[in-house]
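Visitor:
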Amino acid sequence: MSTTQKIDTADFGLIGLSVMGSNLAQNIEDHGFSVAVWNRSSEVVDAFMADKEGKQFVGATDPADLVRSLKRPRKIMLMIKAGPAVDAVIDSLVPLLEEGDVLIDGGNTWYEDTERREAALAEKGIRFFGVGVSGGEEGARFGPSLMPGGDARAYESIRPILEAISAKTDSGPCVTHVGTKGAGHFVKMVHNGIEYADMQLIAESYDVLSRAFELNAKQLEEVFVEWNKGPLESFLIEITGKIFGVTDTETGRPLVELVLDRAGQKGTGRWTVESALELGVSVPSIAAALDARILSSMKDERVLASAALDVGGLVHELVSSDKIGQVHDALYAAKICAYAQGLHLIRVGSNDKGWGVDLQETARIWKGGCIIRARLLDSIRAAYERDPALANLILDPVFKQDLEDHHDALREVVALAQARGIPVPALAASLAWFDAYRTADLPQNLTQAQRDAFGAHTYLRRDDLKRGAVHSEWLSE
């Protein structure tokens, strides 16, 4: 399709030709759909079109040109930076669109912005979808996990394209109608929060193996390759093994050892923690991972503190002779806790907003394409199939047994690390969350008594709940 054939010819429009956008456009075209593309910079459009001879692409010169190029009802996906830029592009498109047209935001957008845009566009008869896209550059090109949220009936108009371009597993295409309004971006946000926790748990396990057991990069490569053959099998474990196998061509050292220990972030982990706080959901493993990245950014201060606060550690060993096996089991137990926290947040958020998110389907579409794809998701899907109303993942009989089998290893590894002064915030947070969740009587009776003592915030009597809120004089002379 030449760039001169622009009237009512393209099946799909895509705005934003960065790495993710250009790869998604090519993925869509690979599956037999013609694609009109536009980017704010005309040079980017020209560069994209330069090697597309014989392909079903239309290069648009501006938003109006893009809209003219599309079949009705028009379907346009935005792959641009979240925030004001999305509003600006939507504002430029709205006067050009008609009732029944569909706009899709495929960026990492704050879900409340998606809900605001969806409501405003619905008044004009334009259907708006917030679609979480996970899988990075390779996923976008060859099959991501897609999490669309929006009107269920309008979803049918974009479903064939999304199913075609998504990753495929033995459970089907890794896309589903996640729920209404902002559900897609909320689920993607929590996916990224779980990703933060998963990566931090793996990093802490590596730190223990390296510092406590003195495993070198070659040995670590072998460990993670082996771990990827069992219950820990996942994309993140797989790439971790590969990372330890890469040698720096300049120095001959393992390349990972030359990477500065300062991790970046783009905000979705913070959003997850903020949303959890607003909804009253405990996600300490995710919060610990976020804190760890923030602390990692304080490199200069940490270097100074390492000399000023050299307090050493205690001699402590794991009770098992299979030390690597215990770290494996600890990581598995902590990972279950992190997933359980994230999925609980999705359930509470869905119930609060009335989105209708299906956690069984969520686990299914995360099986392929996305960053947290893992064997564990088969077990998670099965848990919600057994009980769709499951209050928390760790109450499922299978996961209950897994934690009964592996929580001792988690305790031992956390104890070892803390005794030796090795920071394991996410492993420790997972263990603390597990212990708190399974504790019938927590010490917050004292907390509530303190609140009543200094602020008359009242409390409930456990021996007479029907009495309701009461206040006592705790500090009278």
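Residue numbers (numbering that gives the first Met the number 0): 0 to 476. Beta carbons: idealized from backbone N, C-alpha and C, even for Gly.
How far does the beta strand (DSSP E) with I193 in it extend, from its first residue to its last?
Guide: It is not in any beta strand (DSSP E) - I193 instead sits in the alpha helix (DSSP H) that spans 182-206.
Visitor: If G131 and H190 are in contact, beta carbons under 8 Å, what's the gap, nearest whole angstrom?
Guide: 7 Å
Visitor: Which residues in the same chain as L214 place their Cβ atom closer than 6 Å to its Cβ, once the five residues preceding and following it in sequence are excluded?
Guide: L208
Visitor: Between the alpha carbons of A306 and R261, how many angstroms are there, rounded?
Guide: 19 Å
Visitor: For D61, count neighbouring Cβ atoms within 10 angstroms of its own Cβ and tell me buried if that reaches 16, exposed if not.
Guide: So D61 ends up on the exposed side.
Visitor: State yes or no: is the C-beta of I201 within less than 8 Å of the C-beta of I164?
Guide: It is not a contact, given that the beta carbons lie outside the stated cut-off.
Visitor: Using the DSSP secondary-structure output, state which residues sit across from L69 in a beta bridge.
Guide: A9
Visitor: Per DSSP, G131 forms a beta bridge with which residues?
Guide: M146
Visitor: So, using beta-carbon positions, are I526 and G134 closer together than 8 Å?
Guide: The structure shown does not extend to residue 526, since the chain spans only 0 to 476, so no value can be given for it.
Visitor: My output table needs one value for P422: the three-state DSSP class, helix, strand or coil.
Guide: Correct three-state label for P422: coil.
Visitor: My guess is that E114 and G181 are in contact by the Cβ rule of under 8 Å, so how many angstroms apart are they, rounded?
Guide: 4 Å
Visitor: Under a CB-based cut-off of 8 Å, is A455 close to chain C?
Guide: The chain inventory of the structure shown lacks chain C, comprising one protein chain alone.
Visitor: Between M78 and G106, which are expected to be in contact by the criterion C-beta below 8 Å, what is the C-beta distance as a whole number of angstroms?
Guide: 7 Å
Visitor: Between the alpha carbons of T8 and W37, how many angstroms are there, rounded?
Guide: 15 Å
Visitor: Got a sec? Which residues, its chain only, sit under 8 Å from G355 by beta carbon, not counting five neighbours each side?
Guide: G178, T179, A182, S349
Visitor: Drop a sphere of 10 angstroms on the beta-carbon of K241, count the other beta-carbons inside from all chains shown, and report buried for 16 or more, exposed for fewer.
Guide: exposed
Visitor: Would you grab the beta carbon distance between I75 and I14 for me? Rounded to a whole angstrom, and I think it's under 8 Å.
Guide: 7 Å
Visitor: From E42 to V174, what does the alpha carbon distance come to, in whole angstroms?
Guide: Cα to Cα, the separation comes out at about 33 Å.
Visitor: Which residue's Cα is closest to the Cα of F141: V469, G367, D386?
Guide: Nearest option by C-alpha distance: G367.
Visitor: Give me, in chain order, the residues of the same chain whose beta-carbon lies closer than 8 Å to that of A151; leave out the 5 immediate sequence neighbours on both sides.
Guide: Cβ within range, chain order: H176, T179.
Visitor: I'd like to know if the region 219-228 and the region 427-446 are in contact, where contact means that at least 3 CB-CB pairs between them fall below 8 Å.
Guide: no
Visitor: Determine the burial state of L482: buried for a count of at least 16 other Cβ atoms within 10 Å of its Cβ, exposed for fewer.
Guide: Here the chain has residues from 0 to 476 only, and residue 482 is not among them.
Visitor: How about the region 324-333 and the region 224-234: do they share at least three Cβ pairs that are nearer than 8 Å?
Guide: yes
Visitor: Short of 6 Å in beta carbon distance, which residues of its chain neighbour R210, apart from the five on each side in sequence? Order them along the chain.
Guide: I421
Visitor: With DSSP as the reference, identify every bridge partner of G58, one or two as the case may be.
Guide: V36
Visitor: A59 to V85, Cα distance in whole Å?
Guide: 18 Å
Visitor: State the beta-bridge partners of P172 as determined by DSSP.
Guide: K167
Visitor: For F433, which residues in the same chain have their Cβ closer than 6 Å to its Cβ, ignoring the five residues on either side in sequence?
Guide: C336
Visitor: On the DSSP bridge list, what partners appear for S233?
Guide: According to DSSP, S233 bridges with A373.
Visitor: For M48, tell me which candidate among D64, K70, Q25, R67 has the shortest Cα-Cα distance.
Guide: Q25
Visitor: Is it a yes or a no for the region 406-420 touching the region 269-281, going by three-plus beta-carbon pairs under 8 Å?
Guide: no
Visitor: Am I right that G129 and G149 are in contact with their C-beta atoms under 8 Å? What's the rounded C-beta distance?
Guide: Sure, about 7 Å apart at Cβ, within 8 Å.
Visitor: Please state whether DSSP places I285 in a helix, a strand or coil.
Guide: I285: helix per DSSP, three-state reduction.
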